[in-house]
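Number of protein chains: 2
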Amino acid sequence: MDAETTPRRRLSRAEAKARTRKLLLEAAAQIFARKGFAGASVEEIAETAGFSIGALYSNFANKEELFLELYSAFNQDRIAAAAEVLAEYEKGTEDGVNAMGRILVDADTDSDFALLLGEFWLYAARNPRVYDTMAARLREPRAALERLTGNALAELKAPPEATPQAVAAVIAALFDGLLRQRRLNPGLVSADLFGHAVRWLFAGIDATGARTPVKTARRSKKAN
Amino acid sequence: MDAETTPRRRLSRAEAKARTRKLLLEAAAQIFARKGFAGASVEEIAETAGFSIGALYSNFANKEELFLELYSAFNQDRIAAAAEVLAEYEKGTEDGVNAMGRILVDADTDSDFALLLGEFWLYAARNPRVYDTMAARLREPRAALERLTGNALAELKAPPEATPQAVAAVIAALFDGLLRQRRLNPGLVSADLFGHAVRWLFAGIDATGARTPVKTARRSKKAN
DNA sequence: GTCTATATCAAGATAGAC
DNA sequence: GTCTATCTTGATATAGAC
Numbered sequence: 018m019d020a021e022t023t024p025r026r027r028l029s030r031a032e033a034k035a036r037t038r039k040l041l042l043e044a045a046a047q048i049f050a051r052k053g054f055a056g057a058s059v060e061e062i063a064e065t066a067g068f069s070i071g072a073l074y075s076n077f078a079n080k081e082e083l084f085l086e087l088y089s090a091f092n093q094d095r096i097a098a099a100a101e102v103l104a105e106y107e108k109g110t111e112d113g114v115n116a117m118g119r120i121l122v123d124a125d126t127d128s129d130f131a132l133l134l135g136e137f138w139l140y141a142a143r144n145p146r147v148y149d150t151m152a153a154r155l156r157e158p159r160a161a162l163e164r165l166t167g168n169a170l171a172e173l174k175a176p177p178e179a180t181p182q183a184v185a186a187v188i189a190a191l192f193d194g195l196l197r198q199r200r201l202n203p204g205l206v207s208a209d210l211f212g213h214a215v216r217w218l219f220a221g222i223d224a225t226g227a228r229t230p231v232k233t234a235r236r237s238k239k240a241n
Numbered sequence: 018m019d020a021e022t023t024p025r026r027r028l029s030r031a032e033a034k035a036r037t038r039k040l041l042l043e044a045a046a047q048i049f050a051r052k053g054f055a056g057a058s059v060e061e062i063a064e065t066a067g068f069s070i071g072a073l074y075s076n077f078a079n080k081e082e083l084f085l086e087l088y089s090a091f092n093q094d095r096i097a098a099a100a101e102v103l104a105e106y107e108k109g110t111e112d113g114v115n116a117m118g119r120i121l122v123d124a125d126t127d128s129d130f131a132l133l134l135g136e137f138w139l140y141a142a143r144n145p146r147v148y149d150t151m152a153a154r155l156r157e158p159r160a161a162l163e164r165l166t167g168n169a170l171a172e173l174k175a176p177p178e179a180t181p182q183a184v185a186a187v188i189a190a191l192f193d194g195l196l197r198q199r200r201l202n203p204g205l206v207s208a209d210l211f212g213h214a215v216r217w218l219f220a221g222i223d224a225t226g227a228r229t230p231v232k233t234a235r236r237s238k239k240a241n
């Protein structure tokens with residue numbers, strides 16, 4: 018959260034503005050999560066941050082830009098989390114499944130996370146104008162996940178349909194779907210169900226591949 | 018009222034009202050899906066249905082009631098679909114996985130389905146006032162799914178953590194998560210990935226259970 | 001750079017005509 | 001039972017003061 022605020026020295030103009038911007042983004046996260054894009058008012062966001070409407074419009078062109086900037090910041094965090102997991106995994110420090118499990122728990126702890134995720138998804142699905150911009154932000158964390166699954170698949174007998182992309186999609190779906198169910202009804206989704214599911218998944222892929230060991234047979238022109 | 022039966026052409030008062038109601042609900046599904054609850058206007062819904070605002074308010078108390086009635090109708094369809102799958106499965110006519118796969122494809126064909134699902138989820142998560150009502154509507158289809166997974170699990174060696182409830186949650190998560198990814202980027206999620214994922218899941222559960230065949234061993238005091 | 005005041009508009013809901 | 005007209009509110013965005 019907030020780290021270095023030098024209470025002694027006066028903040029420079031640029032520092033003050035950056036601080037205002039940060040506070041506005043934090044307030045926006047809270048209000049957009051609770052009310053949604055259309056339901057949230059810029060006035061409430063500004064007041065929650067401790068500023069006026071004017072301050073908000075001096076930092077963001079309009080409501081949509083604020084929302085999209087929040088989306089960028091939101092994804093920066095996801096990228097950081099994914100990178101951390103990937104690093105731990107590649108160092109061999111931690112099992113990949115455990116690391117992914119920690120991401121889910123972290124996301125679950127932040128009660129706004131699932132709400133914001135849902136709101137961003139709807140916004141992207143409804144607004145083709147900004148869809149490309151938003152989709153581009155997802156490529157980096159998704160690539161990290163595919164790398165992780167690719168590594169895991171290399172260690173077992175996977176059938177040809179179990180590509181890193183396909184398995185990454187399945188894991189992302191599990192993450193998303195379990196997080197959402199847990200948000201509404203924690204009793205239905207225990208904290209370690211995600212971990213179990215991922216292990217079942219890989220065990221099943223391995224078992225399926227072992228049953229059809231033709232997998233390295235054919236290689237027409239290019240692997241994909 | 019005047020129960021005049023005119024089987025020829027003219028609709029009775031009640032029939033006309035029922036027809037208006039149905040058209041309004043269909044329009045509401047479209048507009049709520051495209052704009053969301055807060056973003057949709059009752060005027061646009063009424064006009065899309067071919068009526069005026071007054072007609073809408075004569076059929077529904079307010080915007081929220083219209084939304085919740087739509088949710089009920091939406092779930093009636095889901096219950097019907099689930100029941101159909103369950104019936105086919107229990108008759109032995111169709112493999113359970115194939116049947117579930119068909120549900121996903123059907124949902125994917127209706128471009129409004131995922132949007133509405135997302136909107137309903139957000140509304141339930143944000144409005145504790147109506148959460149119980151909405152959650153109650155989910156119990157029936159969820160129970161059907163648990164019954165389906167319970168039957169499937171009975172035919173293989175499942176570890177103790179693979180309860181019908183837990184596995185049903187995983188399958189629901191796969192359904193939800195894959196549907197949402199496919200909605201934004203169909204290239205990432207092939208039409209049969211859901212089927213593959215479910216098969217991998219059950220194969221993995223079976224393999225895991227076979228590896229730890231102590232499953233009926235110990236029962237200290239209370240199952241959890 | 002932020003605040004106050006305000007122009008402008010769209011939306012939910014109601015009342016009374018037909 | 002549905003329509004037209006209207007009341008009322010609350011929101012985005014801007015302009016000018018400090």
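So the sequences go chain by chain: R and Z. Per our numbering, residue 18 is the first one in the first sequence, and the count goes up by one each step. Per our numbering, residue 18 is the first one in the second sequence, and the count goes up by one each step. Glycine is no exception: its CB is placed at the ideal position from the N, C-alpha and C atoms.
Residue i: CB within 6 Å of a non-hydrogen atom of the ligand COA
i: R/Ala185; result: For the structure depicted, the ligand COA is absent and the ligand set is empty, with no information on it obtainable.
Exposed unless 16 or more other CB atoms sit within 10 angstroms - verdict on residue i
i: R/Ala78; result: exposed
i: R/Thr23; result: A caution first: R/Thr23 carries a pLDDT of 46, below 50, which makes its placement in the model unreliable, though a value can still be read off. Looking at its Cβ environment, which holds fewer than 16 other Cβ atoms inside 10 Å, R/Thr23 is exposed.
i: R/Arg256; result: No answer is possible for residue 256 of chain R: it lies beyond the span of chain R, which begins at 18 and ends at 241.
i: R/Ile70; result: exposed
i: Z/Arg236; result: Its pLDDT being 46, under 50, Z/Arg236 is placed unreliably in this model, and the coordinates cannot settle the point.
i: Z/Gln93; result: exposed
i: R/Val306; result: Because residue 306 of chain R is not part of the residues shown, which for chain R are 18 to 241, the question remains open.
i: R/Ala35; result: exposed
i: R/Arg27; result: exposed
i: Z/Ala153; result: exposed
i: Z/Ala255; result: Look at the range of chain Z in this structure, 18 to 241, and you will see that residue 255 of chain Z is not part of it.
i: R/Pro176; result: buried
i: R/Glu82; result: exposed
i: Z/Lys232; result: Unreliable placement is indicated for Z/Lys232, whose pLDDT of 47 sits below 50; the coordinate value is still reported in the next sentence. Per the 10 Å Cβ criterion, exposed.
i: Z/Asp223; result: buried
i: Z/Ala214; result: buried
i: Z/Ala208; result: exposed
i: Z/Val187; result: buried
i: Z/Val184; result: buried
i: R/Asp127; result: exposed
i: Z/Asp123; result: exposed
Residues that residue i contacts on chain Z, provided the C-beta gap is smaller than 7 Å
i: R/Ile222; result: Trp217
i: R/Val206; result: Ala186
i: R/Glu178; result: His213
Under 8 Å from the C-beta of residue i: neighbouring residues of chain Z
i: R/Arg154; result: Per Cβ cutoff of 8 Å: no residues; R/Arg154 is ~12 Å from chain Z at best.
i: R/Ala142; result: Ala131, Leu132, Gly135, Arg200, Leu201
i: R/Gly167; result: Within 8 Å Cβ-Cβ: nothing; R/Gly167 doesn't reach chain Z, min ~15 Å.
Where the alpha helix (DSSP H) through residue i begins and ends
i: R/Glu111; result: No alpha helix (DSSP H) holds R/Glu111; DSSP gives it neither H nor E.
i: R/Thr37; result: 30 to 56
i: Z/Ser128; result: Premise fails: Z/Ser128 is in no alpha helix (DSSP H) and is neither H nor E.
i: Z/Ser69; result: Per DSSP, Z/Ser69 belongs to no alpha helix (DSSP H) and is neither H nor E.
Contact list for residue i against chain R, beta-carbon separation under 9 Å
i: Z/Val59; result: Chain R residues near Z/Val59: none, gap ~14 Å exceeds 9 Å.
i: Z/Gly71; result: Correct list: empty, because the minimum Cβ distance to chain R is about 24 Å.
i: Z/Asp112; result: Near Z/Asp112 there are no residues of chain R at all, since even the closest Cβ is about 16 Å away, more than 9 Å.
Interface residues of chain Z facing residue i [CB-CB closer than 9 Å]
i: R/Leu139; result: Gly53, Leu132, Gly135, Glu136, Leu139
i: R/Gly56; result: Gly53, Phe54, Ala55, Gly56, Arg143
i: R/Asp127; result: Within chain Z, no residue comes near R/Asp127; the closest Cβ sits about 14 Å away, beyond 9 Å.
Cross-chain neighbours of residue i in chain R, by beta carbon under 8 Å
i: Z/Thr225; result: Arg216, Trp217, Ala220
i: Z/Gln182; result: Leu205
Partners in chain R for residue i, counting only beta-carbon separations shorter than 7 Å
i: Z/Gln198; result: Ala186, Ala189, Ala190
_Length-filtered (4 minimum) alpha helix (DSSP H) runs lying within the region 149 to 215 of chain R_ = The qualifying runs are 181 to 201.
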